[in-house]
Amino acid sequence: MVYKKIKVAVIGDVHDQWNGVDDEILDYLGVDLVLFVGDFGNESIDVVRRVAKLGIPKAVVLGNHDAWYSATAWGRKKSPYDHSKEDRVQQQLDILGNVHVGYGKLDFPDLQLSVVGSRPFSWGGSKWKCKDFYEQRYGVYGFEDSSRRIFSQCQLTTQSNLIFIGHNGPFGLGGNPEDTCGKDWNPIGGDFGDPDFQGAIALSRQLDKTISLVTFGHMHHRLRHTKQRLRTIINQDQHRTIYLNAASTPRIQEFDGIKAHNYSIVTYDQNQIEDISLVWVTENLKILSAIPLFSNCLLEKQR
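Shown next as structure tokens:
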């Protein structure tokens, strides 16, 4: 089989930082697929609408901020709108349609990839949160139920190469505060990954498929407890699956007065991940920096 060389852009937590320039930058970078891991804003309908109009193939999973005024009792108390008249969570889901893969999947046969979504609207951690929200919206009653729901979508995928996307990452990537999903606020330490995401990945190993990439956000690269380093961004397990935390925030920043947007760029060659870089691009379409995060060529040389 002939495999194409493809370029995937993973967009970390947006937090209202998405505009028309991003569409131009993605075209400039020659991206084949865009993966959004949620937190567009606090139920920011306008941002979601702009993302839905993006002309490049894409998949989305919504984050906890995308249900900020709906998933919890305290959030509903702070809501700027009347829930008896509006449902902004459902509005976002309706705008995105099948592009939203939370508890779903999308096949991209032209790219020889399938994308599977983890539990949407995740807050992270080993405590089952927002019980009523998940029961009413999805008929899901706990972590095991959620794992099976995600796995059921894996079984329906048509491609042998899988990418998992979630808002938060899976449990099992370390319990130190600097680890990929490590808890960096008080009480400090502990693995804040999603157990159901971990469980779904484990179940999917029994399928005759390759899980090449698991990508997510939520746990921002900038740590709360120290400014001496950033969070661990990349992991690789014994199955050669790569785990990528794409939550480089704020995603639009100024460097010496020059505004730049960031994208985690994953390049596939021969159906395998060749390299991953965190790329900063200016609004006049200049690559300001490309920070290498992973190189398969370098890894092969080290073996």
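The opening position of the sequence shown corresponds to residue 1 in the UniProt record's numbering, with each subsequent residue numbered one higher.
C-beta atoms are modelled at their ideal positions from N, C-alpha and C, and glycine is treated no differently.
All figures in this text were calculated on a predicted structure; none of them were measured in a lab.
### Task
Could you please give the first and the last residue of the uninterrupted beta strand (DSSP E) stretch that includes residue 260?
Position 260 of the sequence shown holds residue 260. Residues 258-269.
### Query
To which residues of the same chain is residue 311 closer than 7 Å at the C-beta, ignoring the five residues directly before and after it?
With the chain running from 1 to 303 in the structure shown, residue 311 is simply not present.
### Message
Please tell me whether residue 161 and residue 63 are closer than 9 Å, where the distance is taken between their beta carbons.
### Response
Stepping through the sequence shown from its first residue, residue 161 is reached at position 161. Stepping through the sequence shown from its first residue, residue 63 is reached at position 63. Against a cut-off of 9 Å, the Cβ pair of residue 63 and residue 161 comes out as no contact.
### Query
Within 10 angstroms of its Cβ, does residue 100 collect 16 or more other Cβ (buried), or is it exposed?
If you number the sequence shown from 1, residue 100 lands on position 100. Buried is the call here.
### Residue ranges of each alpha helix (DSSP H) within the segment 217-254, 4 or longer
Inside the segment 217-254, DSSP marks no whole alpha helix (DSSP H) run of 4 or more residues.
### Buried/exposed call for residue 15, threshold 16 Cβ in 10 Å
Your numbering for residue 15 matches position 15 in the sequence shown. Its Cβ being crowded by 16 or more others within 10 Å, residue 15 is buried.
### Message
Under 8 Å: do the segment 5-14 and the segment 262-278 share three or more Cβ pairs, one atom per stretch?
### Response
yes
### Query
For residue 4, which residues does DSSP report across the bridge?
Reading the sequence shown from its first residue, position 4 is the one you call residue 4. Its beta-bridge partners do not exist; DSSP assigns none.
### Spatial distance of residue 208 from residue 52 (CA atoms)
Translated into positions along the sequence shown, residue 208 becomes position 208. Translated into positions along the sequence shown, residue 52 becomes position 52. Their Cα atoms are separated by approximately 32 Å.
### Query
Are the beta-carbon atoms of residue 213 and residue 242 separated by less than 9 Å?
As a first step, residue 213 is located in the sequence shown; it is residue number 213 there, counting from the start. As a first step, residue 242 is located in the sequence shown; it is residue number 242 there, counting from the start. Cβ distance < 9 Å, so residue 213 and residue 242 count as in contact.
### Message
Here's the rule I'm using: 16 or more other beta-carbon atoms within 10 Å means buried, otherwise exposed. How should residue 119 be labelled?
### Response
Stepping through the sequence shown from its first residue, residue 119 is reached at position 119. Answer is buried; the Cβ neighbour count reaches 16.
### Query
Hey, out of 144, 110, 28 and 104, whose CA is closest to residue 116's CA?
Within the sequence shown, the letter at position 116 stands for residue 116. Looking at the Cα atoms, 104 is the closest of the given residues.
### Query
So, are the CB atoms of residue 281 and residue 106 less than 9 Å apart?
What you label residue 281 is simply residue 281 of the sequence shown in a count that begins at 1. What you label residue 106 is simply residue 106 of the sequence shown in a count that begins at 1. No, the pair does not count as a contact, with Cβ atoms beyond the cut-off.
### Query
Who are residue 150's beta bridge partners in DSSP?
Residue numbering aside, residue 150 sits at position 150 when the sequence shown is read from its first letter. Answer is none; residue 150 lacks a bridge partner.
### Query
From residue 89 to residue 70, what distance separates their C-alpha atoms?
Here the question's residue 89 lines up with position 89 in the sequence shown. Here the question's residue 70 lines up with position 70 in the sequence shown. If I take the Cα positions, the gap works out to 7 Å.
### Task
May I have the straight-line CA-CA distance separating residue 91 from residue 66, to the nearest angstrom?
On the sequence shown, residue 91 is found 91 positions in, with the first residue counted as 1. On the sequence shown, residue 66 is found 66 positions in, with the first residue counted as 1. Rounded to the nearest angstrom, the two C-alpha atoms are 11 Å apart.
### Message
I need the boundaries of the beta strand (DSSP E) containing residue 280, first residue and last residue.
### Response
Position 280 of the sequence shown holds residue 280. Element bounds for residue 280: 272-282.
### Message
Which of the three DSSP states is assigned to residue 203 in this structure?
### Response
On the sequence shown, residue 203 is found 203 positions in, with the first residue counted as 1. Three-state DSSP puts residue 203 in a helix.
#### Entry: Contact set for residue 156: own chain, Cβ-Cβ below 8 Å, skip 5 residues either direction
Here the question's residue 156 lines up with position 156 in the sequence shown. Contacts found: 105.
### Query
Excluding sequence positions up to five away, which residues of its chain have a Cβ less than 7 Å from the Cβ of residue 178?
Your numbering for residue 178 matches position 178 in the sequence shown. Hits under 7 Å: 223, 229, 231 and 232.
### Rounded C-alpha distance that separates residue 183 from residue 205
Your numbering for residue 183 matches position 183 in the sequence shown. Your numbering for residue 205 matches position 205 in the sequence shown. So the alpha carbons of these two residues sit roughly 27 Å apart.
### Message
Tell me which residue opens and which closes the beta strand (DSSP E) that residue 105 is part of.
### Response
Indexing the sequence shown from 1 puts residue 105 at position 105. DSSP places residue 105 in the uninterrupted beta strand (DSSP E) bounded by 105-108.
#### Entry: Those runs of the beta strand (DSSP E) which lie wholly inside the segment 62-119 and span at least 3 residues
Segments of the beta strand (DSSP E) lying fully in the segment 62-119: 105-108 and 113-117.
### Query
Which one or two residues does DSSP pair with residue 182 in a beta bridge?
Along the sequence shown, one-based indexing puts residue 182 at 182. In the DSSP output, where bridge partners are listed per residue, residue 182 has 191.
### Message
Within the continuous beta strand (DSSP E) that includes residue 45, where are the two ends?
### Response
Residue mapping note: residue 45 aligns to position 45 of the sequence shown, counting from 1. Counting along the chain, residue 45 falls outside any beta strand (DSSP E), though it belongs to the alpha helix (DSSP H) covering 45-52.
### Message
Measuring only from the beta carbon, is residue 155 closer than 8 Å to any heavy atom that is part of the ligand COA?
### Response
Among the ligands in the structure shown, none appear at all, so the ligand COA cannot be discussed.
### Task
Could you say which of 39, 27 and 285 lies nearest to residue 216 if we only look at CA atoms?
Stepping through the sequence shown from its first residue, residue 216 is reached at position 216. Considering only alpha carbons, the answer is 39.
### Query
What are the partner residues of residue 35, as DSSP defines its beta bridges?
Taking the sequence shown and counting its residues from 1, one reaches residue 35 at position 35. Bridge partners of residue 35: 10 and 59.
### Message
Using C-beta distances below 8 Å, list every residue in its chain close to residue 258, excluding the 5 sequence neighbours before and after it, in chain order.
### Response
For the purposes of this step, residue 258 is taken as the residue at position 258 of the sequence shown. The residues are 282 and 288.
### Query
In this structure, does DSSP put residue 288 in helix, strand or coil?
Locating residue 288 in the sequence shown gives position 288, where the first residue counts as 1. In this structure, residue 288 counts as strand in the three-state DSSP scheme.
### Query
In chain order, what residues of the same chain have a beta carbon less than 8 Å from the beta carbon of residue 108, not counting five sequence neighbours either side?
Locating residue 108 in the sequence shown gives position 108, where the first residue counts as 1. Once the five neighbours on either side are set aside, the close Cβ partners of residue 108 are 33, 57, 114, 115 and 159.
### Task
Please name the residue in 262, 170, 226 and 218 whose C-alpha comes closest to that of residue 236.
Numbered from 1 along the sequence shown, position 236 holds the residue referred to as residue 236. Of the candidates 262, 170, 226 and 218, the one whose C-alpha sits nearest the C-alpha of residue 236 is 170.
### Task
Can you give me the Cβ contacts of residue 61 inside the same chain, cut-off strictly under 8 Å, excluding the 5 residues immediately before and after it?
Residue numbering aside, residue 61 sits at position 61 when the sequence shown is read from its first letter. Within the same chain, residue 61 has close Cβ partners 36, 37, 38, 100, 101, 102, 117, 118, 120, 165, 166 and 167.
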